[in-house]
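Residue numbers (my numbering): 2 to 203.
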């Protein structure tokens, strides 16, 4: 969520993918989408016994801010989920072509993430929605940017999610550690290490 990379769609069947023509999507070899796949490590590892996984470690507070920026200050101004009645984003910045599909894309991303976070903290997303409706998360509606402060305890609750996710991933792949690359987001040559590990160069 909120990673500083370009999400892309590629491969032989890329043009048939309904997300192919969304603004910002481009075809590149061995491209990827991050959701919903990060939510089902155990299932994927069982269905695809040769699949490789990458677990990215990053500063949990920075991740939490990125999470808030993406879901609440990005996706939510483009989707009816948790809609604040005063937000008129569509009128001030109209949707690009294929707006309906874009809205569906946003909704799937938000609901997938909501479901996954709720596994670890059942009420966190509801509490964050309340804070969002109260205007406590995003600084502005037109050019949204996540605030540095949240109602007491919410940022702390959100910041523990990465550690819980990492624990689940390690548990799912226990005994098959060769299939898991654990890497820090700030590592020099991060992208090259992931690329080499994936075997995409072969």
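Every residue gets a Cβ at the ideal spot worked out from N, C-alpha and C, and that includes glycine.
Note that this is a predicted model, so its numbers are computed, not measured.
Beta carbon of residue i, beta carbon of residue j: below 9 Å?
| i | j | result |
| --- | --- | --- |
| residue 159 | residue 56 | no |
| residue 46 | residue 174 | yes |
| residue 43 | residue 172 | yes |
| residue 184 | residue 194 | yes |
Could you give the first and the last residue of the continuous beta strand (DSSP E) run that contains residue i?
| i | result |
| --- | --- |
| residue 182 | 181-185 |
| residue 195 | That residue, residue 195, is in no beta strand (DSSP E); its alpha helix (DSSP H) goes 191-199. |
| residue 127 | Note, residue 127: premise wrong, no beta strand (DSSP E); alpha helix (DSSP H) at 125-134. |
For residue i, count neighbouring C-beta atoms within 10 Å of its own C-beta (all shown protein chains included) and say buried if the count is 16 or more, exposed if not.
| i | result |
| --- | --- |
| residue 186 | exposed |
| residue 162 | buried |
| residue 130 | buried |
| residue 110 | buried |
| residue 75 | buried |
| residue 65 | buried |
| residue 39 | buried |
Please list, in chain order, all residues of the same chain as residue i whose beta carbon is under 7 Å from its beta carbon, the five residues on each side excluded.
| i | result |
| --- | --- |
| residue 126 | 115, 118, 119 |
| residue 121 | 162, 165 |
| residue 128 | 155 |
Among residues of its own chain, excluding the 5 on either side of residue i, which ones have a beta-carbon nearer than 8 Å to its beta-carbon?
| i | result |
| --- | --- |
| residue 153 | none |
| residue 53 | 180, 181, 182, 198, 199, 200 |
| residue 190 | none |
| residue 63 | none |
Suppose the cutoff is 6 Å on Cβ atoms and the five residues either side in sequence are ignored; what does the same chain contact list for residue i look like?
| i | result |
| --- | --- |
| residue 61 | 160, 163 |
| residue 192 | none |
| residue 59 | 186 |
| residue 51 | none |
Taking the alpha helix (DSSP H) that residue i belongs to, which residues open and close that run?
| i | result |
| --- | --- |
| residue 45 | 42-48 |
| residue 54 | Residue 54 -> not in any alpha helix (DSSP H); beta strand (DSSP E) instead, spanning 54-58. |
| residue 173 | 162-173 |
| residue 61 | 61-72 |
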